[in-house]
Amino acid sequence: MIVSELVGNACKYAYPVGSPGAVDISLCARPMGGFVLEVVDRGRGRAARAAPEGSGLGSQFIASMAHRLGARYGWSDARPGTRFTLCA
0 MIVSELVGNA CKYAYPVGSP GAVDISLCAR PMGGFVLEVV DRGRGRAARA
50 APEGSGLGSQ FIASMAHRLG ARYGWSDARP GTRFTLCA
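So for the sequence shown, numbering that gives the first Met the number 0 puts the first residue at 0; every next one is plus one.
Structure, rendered in structure tokens:
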């Protein structure tokens, strides 16, 4: 559900309407258990958005799901684009 939300947001906000764009998804097992999920787009980046980080329903949903997993998460600049990382 988190991946679906992130990919949907990248499709809506990362690239200009009608322009193609890629979203890379990786999931890696951690040596001592758990996993690392990364979702990366090469679009405009989060700074180009008008809304403050974490203010939308999608961000609240991601925070809630990460909390349920006991995971840490965050967004970073992918230069260009945005990287989301979740460690559980």
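Where a beta carbon is used, it is the ideal one built from N, C-alpha and C, also for glycine.
Just verifying my parser: in three-state terms, what is the DSSP assignment at residue i?
| i | result |
| --- | --- |
| A28 | strand |
| V16 | coil |
| G73 | strand |
| R41 | coil |
| R78 | coil |
Excluding the five sequence neighbours on either side, which residues of its own chain have a C-beta within less than 7 Å of the C-beta of residue i, listed in chain order?
| i | result |
| --- | --- |
| R71 | C86 |
| C27 | F34 and V35 |
Roughly how far, in whole angstroms, is the beta-carbon of residue i from the beta-carbon of residue j, given that I think they are within contact range, below 8 Å?
| i | j | result |
| --- | --- | --- |
| V35 | R82 | In fact, because the Cβ distance is near 12 Å, the residues do not count as touching under 8 Å. |
| G80 | R41 | 4 Å |
| G57 | N8 | 6 Å |
Within its chain, find whatever has a CB closer than 6 Å to the CB of residue i; leave out the 5 residues flanking it on each side and keep chain order.
| i | result |
| --- | --- |
| V135 | With the chain running from 0 to 87 in the structure shown, residue 135 is simply not present. |
Sorted by chain position, which residues of the same chain lie with C-beta nearer than 8 Å to residue i's C-beta, five sequence neighbours on each side aside?
| i | result |
| --- | --- |
| G73 | F83 and T84 |
Which residue comes first and which comes last in the alpha helix (DSSP H) that contains residue i?
| i | result |
| --- | --- |
| G57 | L56 to L68 |
| G33 | It is not in any alpha helix (DSSP H) - G33 carries neither H nor E in the DSSP assignment. |
Item to check | Cβ pair count under 8 Å reaching 3, the region 15-24 against the region 61-69 | outcome: no
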